[in-house]
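Protein chains: 2
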Amino acid sequence: MIYVVGLGPGGEDQLTPRALAALGRCDVIVGYKTYIDLIAPRFKGRKELVVSPMKGEVRRCEDALRRSREGCTVGVVSSGDPGVYGMAGIMLEVAAGHEEVIVVPGVTAACAAAAVLGAPLTHDFAVVSLSDLLTPWELIARRLEAAAAGDFVICLYNPMSHGRPDNLRLACETLLKTKSPDTAAGWVRSAGRDGEEAHLTTLGELAGEKLDMFCTAIVGSSATKVVGGRLVTPRGYQRP
Amino acid sequence: MIYVVGLGPGGEDQLTPRALAALGRCDVIVGYKTYIDLIAPRFKGRKELVVSPMKGEVRRCEDALRRSREGCTVGVVSSGDPGVYGMAGIMLEVAAGHEEVIVVPGVTAACAAAAVLGAPLTHDFAVVSLSDLLTPWELIARRLEAAAAGDFVICLYNPMSHGRPDNLRLACETLLKTKSPDTAAGWVRSAGRDGEEAHLTTLGELAGEKLDMFCTAIVGSSATKVVGGRLVTPRGYQRP
Chain G
1 MIYVVGLGPG
11 GEDQLTPRAL
21 AALGRCDVIV
31 GYKTYIDLIA
41 PRFKGRKELV
51 VSPMKGEVRR
61 CEDALRRSRE
71 GCTVGVVSSG
81 DPGVYGMAGI
91 MLEVAAGHEE
101 VIVVPGVTAA
111 CAAAAVLGAP
121 LTHDFAVVSL
131 SDLLTPWELI
141 ARRLEAAAAG
151 DFVICLYNPM
161 SHGRPDNLRL
171 ACETLLKTKS
181 PDTAAGWVRS
191 AGRDGEEAHL
201 TTLGELAGEK
211 LDMFCTAIVG
221 SSATKVVGGR
231 LVTPRGYQRP
Chain H
1 MIYVVGLGPG
11 GEDQLTPRAL
21 AALGRCDVIV
31 GYKTYIDLIA
41 PRFKGRKELV
51 VSPMKGEVRR
61 CEDALRRSRE
71 GCTVGVVSSG
81 DPGVYGMAGI
91 MLEVAAGHEE
101 VIVVPGVTAA
111 CAAAAVLGAP
121 LTHDFAVVSL
131 SDLLTPWELI
141 ARRLEAAAAG
151 DFVICLYNPM
161 SHGRPDNLRL
171 ACETLLKTKS
181 PDTAAGWVRS
191 AGRDGEEAHL
201 TTLGELAGEK
211 LDMFCTAIVG
221 SSATKVVGGR
231 LVTPRGYQRP
């Protein structure tokens, strides 16, 4: 039996009781060092905690499958929701129906970041990762263009990292083909964790901001606005 | 002080400790009957619980603001995440910066439904509500067309209700202009609650299924597939 468990934004106060109970049933828990560190205070000495390297996702899932077949209950952890750019997909592919896999959802970064900024996702939105490690940039650009054409609120995961210093600028340039530079936007570092920071900005200014891999950025639709210092996309209950 | 609190999919085991703590600090908690019923077993007799009708959203927020100004700590509850088609946006609009509003995120229906189906949201996705109560159908159709053009996985909130029996069919017809009828899809009733049901289908068959307002539907991208009975969108870790 394998549980793929979402830890939420990071703080223990956003880990659901269902996720905690699933981890409690595990004999072995595997994940990136950052995520294992998050749960270690609670489980160290009581569970076998296995740190697995970034880019070792397939191997991690194969190890989880092997341990499960040996009779262990295995937990595979992701931050946020494990189904959003997390481990759920690859774990299900590796298990291929030969072993039971239960996905335990969590609060994803889009929702955690939105809550800090206000309520930018209260109408239709699109989620796009700017990481081109596993996705050709052409597909990312096509999706950004489509999301802009549909006037979606756009939530950007993995907006910038050392290995991809230009992707946020390229993404903003792509969106600016259709959207106004005055479009309300915001970004959050470490949403729901220690060191949380929220910044309001505009699409025109976003490319110049100093984001990193702990950030999530949100670019509004044409209806998104700043109300009392918070980023809000009206659903339409009130037309002020 | 006003907390807008996400209850998650419904079961108490998916309410985060942060959400529970926020509710614990409230003197008054307001919401639709369904949501108040969810928390009543824990808070009845200890909090003032105020049931507010559907379509009374602006009034509910005005009442919350008034009670907060009178010195109460007020909770406004939504199921799932309060920032996704929930009460966070309108509450921030009504408060307009004159009263502190804290949004406490929750597990949104997209993530809860995806977890039940497998991992359909593991790559870029768009979230579209098919409710045309507050949004013109033309904008909904434009967003569906854009999401299809971008080959997003598409998560449909409010896919069907008594008042909108044709919207799911219309949405499927719109998506079928671009997408194959064989596109893998799925839908879930009461994700994360008692009576949970998961169904795999295809885009071509989806319009004929019997969904209701407790359902969330997910239509895959061109990469989404069924693996071992689960709906999976590969992120690209493994190219089988």
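Read top to bottom, the protein sequences are chains G and H. In terms of the UniProt record's numbering, the first sequence opens at residue 1 and continues consecutively. In terms of the UniProt record's numbering, the second sequence opens at residue 1 and continues consecutively. For every residue, glycine included, the Cβ atom is placed at its ideal position computed from N, Cα and C.
Less than 7 Å between C-beta atoms, sequence neighbours within five positions excluded: which residues of the same chain meet that for residue i?
i             : result
residue 99/H  : 2, 65, 68 and 69
residue 225/G : 184 and 232
residue 174/G : 141, 144 and 145
residue 105/G : 6, 81 and 83
residue 49/G  : 29, 36, 40 and 43
For residue i, count neighbouring C-beta atoms within 10 Å of its own C-beta (all shown protein chains included) and say buried if the count is 16 or more, exposed if not.
i             : result
residue 190/H : buried
residue 182/G : exposed
residue 41/G  : exposed
residue 102/G : exposed
residue 179/G : buried
residue 75/G  : buried
residue 123/H : buried
residue 230/G : buried
residue 240/H : Residue placement at residue 240/H is poorly supported in this model, since its pLDDT is 40, which falls under 50; the coordinates still yield a value, given next. Looking at its Cβ environment, which holds fewer than 16 other Cβ atoms inside 10 Å, residue 240/H is exposed.
residue 207/H : buried
residue 45/H  : exposed
residue 95/H  : buried
Whose C-alpha, out of the options, is nearest the C-alpha of residue i?
i             : options                       : result
residue 219/G : 213/G, 233/G, 229/G and 212/G : 233/G
residue 110/G : 229/G, 217/G and 222/G        : 217/G
residue 90/G  : 147/H, 89/H, 120/H and 61/H   : 120/H
residue 187/G : 94/G, 201/G and 58/G          : 201/G
residue 80/H  : 72/H, 95/H and 108/H          : 108/H
residue 236/H : 47/H, 230/H, 223/H and 227/H  : 223/H
residue 115/G : 116/H, 84/H and 50/H          : 84/H
residue 23/G  : 142/G, 196/G, 7/G and 175/G   : 7/G
residue 151/H : 213/G, 151/G, 58/G and 139/G  : 139/G
residue 25/H  : 34/H, 35/H, 43/H and 11/H     : 43/H
residue 161/H : 213/H, 72/H, 106/H and 71/H   : 213/H
residue 171/G : 93/G, 27/G and 137/G          : 137/G
residue 11/G  : 11/H, 14/H, 12/H and 18/H     : 18/H
residue 38/H  : 56/H, 117/H and 14/H          : 14/H
residue 57/G  : 27/G, 134/G, 21/G and 47/G    : 134/G
So is residue i in contact with chain H if we call contact Cβ pairs under 7 Å?
i             : result
residue 234/G : yes
residue 229/G : yes
residue 105/G : yes
residue 124/G : yes
residue 93/G  : yes
residue 27/G  : no
residue 108/G : yes
residue 189/G : no
residue 149/G : yes
Give the secondary structure of residue i by DSSP, where H, G and I count as helix, E and B as strand, and everything else as coil.
i             : result
residue 214/G : coil
residue 186/G : strand
residue 231/G : strand
residue 15/H  : coil
residue 155/G : strand
residue 20/H  : helix
residue 116/H : helix
residue 107/G : coil
residue 122/G : coil
residue 201/G : strand
residue 50/G  : strand
residue 161/G : strand
residue 89/G  : helix
residue 84/H  : coil
Excluding sequence positions up to five away, which residues of its chain have a Cβ less than 6 Å from the Cβ of residue i?
i             : result
residue 131/G : 158
residue 154/H : 126, 147 and 219
residue 112/H : 9, 191 and 192
residue 4/H   : 76, 82, 87, 88, 91 and 103
residue 244/G : This structure leaves residue 244/G out entirely; chain G is present only between 1 and 240.
residue 97/G  : none
With hydrogens ignored, establish whether the beta-carbon of residue i is closer than 6 Å to any heavy atom of the ligand MG.
i             : result
residue 181/H : Ligands in the displayed structure: none, and consequently the ligand MG is not present.
Kindly indicate if chain G contains any beta-carbon less than 7 Å away from that of residue i.
i             : result
residue 194/H : no
residue 16/H  : yes
residue 219/H : no
residue 65/H  : no
residue 132/H : no
residue 50/H  : no
residue 156/H : no
residue 121/H : yes
residue 143/H : yes
residue 128/H : yes
Enumerate in chain order the residues of its own chain whose CB-to-CB distance from residue i is below 8 Å, with the five nearest sequence positions on each side excluded.
i             : result
residue 52/H  : 30, 31, 32, 59, 60 and 63
residue 177/G : 145 and 148
residue 34/G  : 79
residue 54/H  : 32
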